[in-house]
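Visitor: Attaching a single structure in structure tokens format; questions to follow.
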Amino acid sequence: MYTRILYKKAYRLLKDSTPLKFDCGLICSSKCCSGDSDMGMYIYPGEEVMFEGHEDFLFIRQDKLRDTDVLFAVCNGKCNRRYRPLACRIFPFTPYIDEKGRLTVIEDPRAKYICPLLSGSIDLGIDTAFKRNVLNAFRALIRDDEIRRFICLLSSALDEYRKLTG
């Protein structure tokens, strides 16, 4: 129950917020939504309660993040945007907790190879209100210890990814 309330608040904070003032999927033909069974998004701890009864567009499976069991969502390419996972709502950004325990929102380094907003080839001006809304959503979510631990784990994995990809 508590988790559902947290995610409803986060979803509400992000309700009409997007990186651009228009559907950025028009620029890249929605590359972030057209992967295969190996491409998808991590589901934040407890977030799966938000998809109950709406799984027709989403396949959720067990996966590993480092040595930790996590849930991973793969979309069939025709998502119901109202029920899309939090990671999809905030793409191409991700929450990040640094070594001092500070929460920020960063460009997801894994996204720079698929998202033209991060490639540097075009500058369409990412909406600063969007990043602020993402930060506010995660400020609410990290009150939950399990979600905070997950974001720390994700942050550590992203640090390793950046080292490997330069």
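Letter 53 of the sequence shown, counting from 1, is numbered 46 in the working numbering, and no numbers are missing.
Glycine is no exception: its CB is placed at the ideal position from the N, C-alpha and C atoms.
1. Measuring straight from C-alpha to C-alpha, what distance separates GLU92 and ALA150?
2. Pull up the CB-CB distance for VAL98 and VAL63, whole angstroms please, since I reckon it's below 8 Å.
3. Would you say LYS71 reaches chain D, if we count a Cβ-Cβ gap shorter than 8 Å as a contact?
4. Span of the alpha helix (DSSP H) holding LYS139?
5. Nearest to THR87 by alpha carbon, out of LYS57, ARG95, LYS124 and LEU157?
6. Does THR121 come out as helix, strand or coil in the three-state DSSP assignment?
7. Alpha helix (DSSP H) containing ILE83: first to last residue?
8. Judging by CA-CA distance, which residue of ALA3, LEU(-1) and ILE(-2) is the nearest neighbour of ALA130?
9. Quick one: what's got a C-beta closer than 7 Å to PHE50's C-beta in the same chain, skipping five residues either side?
10. Could you name the residues of the same chain whose beta carbon sits closer than 7 Å to that of GLU40, not counting the 5 residues immediately before and after it, in chain order?
11. Are the beta-carbon atoms belonging to TYR154 and PRO102 less than 8 Å from one another?
12. Kindly indicate which residue of CYS81, TYR76, PHE143 and ILE119 has the alpha-carbon position closest to the one of GLY94.
13. Using the Cα positions of GLY159 and CYS108, report the straight-line distance between them to the nearest angstrom.
14. With respect to the beta strand (DSSP E) encompassing MET43, which residues constitute its N-terminal and C-terminal limits?
15. My guess is that PHE52 and TYR76 are in contact by the Cβ rule of under 8 Å, so how many angstroms apart are they, rounded?
16. Can you have a look at ALA122 and say buried or exposed, based on whether 16 or more other CB atoms are within 10 angstroms of its CB?
17. My assumption, with CB atoms under 8 Å, is that LEU96 sits in contact with ARG136. Please give the rounded CB distance.
Guide: Once the coordinates are examined:
1. 13 Å
2. With a Cβ gap of about 20 Å, VAL98 and VAL63 do not count as contacting.
3. Annotation note: the requested chain D is absent from the structure, which comprises a single protein chain.
4. In the sequence under discussion, the amino acid at residue 139 is Glu, which differs from the Lys named in the question. Looking at the DSSP string, the run of the alpha helix (DSSP H) that includes GLU139 is 138 to 158.
5. Nearest C-alpha to THR87: LYS124.
6. helix
7. 79 to 83
8. ALA3
9. CYS68, ASN69, LYS71, CYS72 and ASN73
10. So the qualifying residues of the chain are TYR0, PRO78 and LEU79.
11. yes
12. PHE143
13. 17 Å
14. Segment: none, MET43 is in no beta strand (DSSP E) and carries neither H nor E.
15. Actually they do not touch by this definition, with Cβ atoms about 13 Å apart.
16. exposed
17. Not a contact, Cβ separation roughly 11 Å.
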